[in-house]
Amino acid sequence: MKLKVLAVLLLAALAIPLTAAQHLFPWPDSNAHWRVLVNVNEYIQSRPPAWFTNDKLITDLQIEKATPQNYDQAVAQYDSIRQMLEGRGMYVGTYMSGTTVYPPDQLHTYPQAAVTTAQMPPEARYFGSWPNQPGRKVIDVSDPSTRHGFQEQISTLWRAVPAPERFVDNAAFHRGMGDKQPWSGYCDNMREIRALAESQGSRVIFNIAAEVASLSDEEVAELEKAVGDEGICLEMPWSTRVQASPEATEKAKARYRQLLDNGMAIVLIPVKTDDEKLASWIRTWKKPGDHLYMNGIFWKSPNPHDSIAVH
Numbered sequence: 008m009k010l011k012v013l014a015v016l017l018l019a020a021l022a023i024p025l026t027a028a029q030h031l032f033p034w035p036d037s038n039a040h041w042r043v044l045v046n047v048n049e050y051i052q053s054r055p056p057a058w059f060t061n062d063k064l065i066t067d068l069q070i071e072k073a074t075p076q077n078y079d080q081a082v083a084q085y086d087s088i089r090q091m092l093e094g095r096g097m098y099v100g101t102y103m104s105g106t107t108v109y110p111p112d113q114l115h116t117y118p119q120a121a122v123t124t125a126q127m128p129p130e131a132r133y134f135g136s137w138p139n140q141p142g143r144k145v146i147d148v149s150d151p152s153t154r155h156g157f158q159e160q161i162s163t164l165w166r167a168v169p170a171p172e173r174f175v176d177n178a179a180f181h182r183g184m185g186d187k188q189p190w191s192g193y194c195d196n197m198r199e200i201r202a203l204a205e206s207q208g209s210r211v212i213f214n215i216a217a218e219v220a221s222l223s224d225e226e227v228a229e230l231e232k233a234v235g236d237e238g239i240c241l242e243m244p245w246s247t248r249v250q251a252s253p254e255a256t257e258k259a260k261a262r263y264r265q266l267l268d269n270g271m272a273i274v275l276i277p278v279k280t281d282d283e284k285l286a287s288w289i290r291t292w293k294k295p296g297d298h299l300y301m302n303g304i305f306w307k308s309p310n311p312h313d314s315i316a317v318h
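Under the numbering used here, think of the first position of the sequence shown as 8, with each following residue one higher.
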């Protein structure tokens with residue numbers, strides 16, 4: 008019965024016109040606030056406030072090593088740090104795994120970073136386990152009943168900790184990364200999670216494993232339908248493979264322009280890519296009004312040469 012009720016709510020949320028999302032916070036001006044902080048923990052309070060003068064968005068803040076014994080202390084510390092950051096004019100989001108569930112004894116952060124296996128319905132279907140973590144299960148994104156049971160628990164966790172933005176990790180994996188679940192299933196899951204987030208007044212950023220140059224026209228259309236004018240985060244924004252090919256680089260640029268021109272926000276994490284080199288490339292095709300950002304490391308002073316500002 009609960010799953011049927013959630014399904015009805017999801018359908019109703021998906022039917023809401025785009026104008027219903029106008030109460031969501033505006034994406035920051037990426038020329039003045041180009042850096043987005045991803046995976047922030049409590050140690051940010053020990054860093055100089057001057058480092059964050061131009062920062063507006065923290066995708067997720069977590070207190071590490073939260074246990075039943077220190078739970079109240081972890082909650083108080085989270086509230087204190089979040090109030091400090093919001094007092095500086097920042098939007099502070101929460102972290103959630105978008106396709107995996109954990110054994111309850113393996114979650115040690117506040118807010119809770121994932122749905123647990125114990126919270127999932129008994130009839131839930133799984134595609135397999137996370138590599139080298141047999142207890143961490145990957146949901147079958149093609150099974151609506153499993154998705155909706157999973158999303159019901161995400162909704163409950165989000166209601167417990169309201170936030171203006173939700174960072175949804177492990178949201179989608181493209182076949183080019185060796186994944187075997189259908190891209191359409193991931194997009195269905197993201198579309199439904201997006202509806203949940205917006206219904207609670209939150210923006211959402213989906214971390215996906217994909218090279219945009221490898222996405223087909225159909226896959227891009229599915230991604231745009233799922234994400235809309237919310238955001239995605241990419242850890243391979245300009246891989247060495249793409250850099251080595253002028254043709255692939257041009258295709259990547261065209262895909263970025265397509266997504267940005269259609270209103271999507273994009274956060275780039277330069278894993279295995281030189282930050283300054285990536286920023287220089289971005290400045291050759293970025294438009295001033297794009298909602299395009301670079302990931303910043305909160306424990307390091309910002310590098311002005313990483314700026315992607317254009318005027």
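Note that CB positions come from ideal geometry on N, CA and C, so glycine has one too.
Leaving out five residues before and five after A28 in sequence, what residues of the same chain have Cβ atoms less than 6 Å from its Cβ?
-> Confidence at A28 is low in this model, with a pLDDT of 48, below 50, so its placement is unreliable and the value that follows should be read with caution. Correct list, in chain order: E205.
Near N38, which residues of its chain fall below 7 Å by C-beta distance, leaving aside the five closest residues on each side in sequence?
-> P295, A316, V317, H318
From the DSSP output, in three-state form, read off T247 for me.
-> helix
Just confirm the distance between the C-beta atoms of L222 and L275, as a whole number of angstroms; I'd bet it's less than 8 Å.
-> The pair is not a contact, with the Cβ atoms about 16 Å apart (cut-off 8 Å).
Specify the secondary structure class of K307 as computed by DSSP and reduced to three states.
-> coil
Assigned secondary structure, M184 (DSSP; H/G/I helix, E/B strand, else coil) = helix
Between P189 and Q69, what straight-line distance do the alpha-carbon atoms span, to the nearest angstrom?
-> 31 Å
By how many angstroms is the C-alpha of D186 removed from the C-alpha of A66?
-> Just to set this straight, residue 66 is Thr in the shown sequence, not Ala. Cα-Cα distance, rounded: 25 Å.
Under 8 Å between the Cβ atoms of A5 and W34?
-> Within the shown structure, residues of the chain are numbered from 8 to 318, placing residue 5 beyond reach of any answer.
Have a look at P328 and G100 and give me their C-alpha separation to the nearest angstrom.
-> No answer is possible for residue 328: it lies beyond the span of the chain, which begins at 8 and ends at 318.
Could you give the residue range of the beta strand (DSSP E) that holds N269?
-> Neither: N269 is in no beta strand (DSSP E) and is coded neither H nor E.
Runs of beta strand (DSSP E) wholly within the region 190–239 (minimum 3 residues, chain order) | 210–216
Can you tell which of G192, P110, Y50 has its C-alpha closest to the C-alpha of R319?
-> Coverage of the chain is limited to positions 8 through 318, which leaves residue 319 absent and any answer about it impossible.
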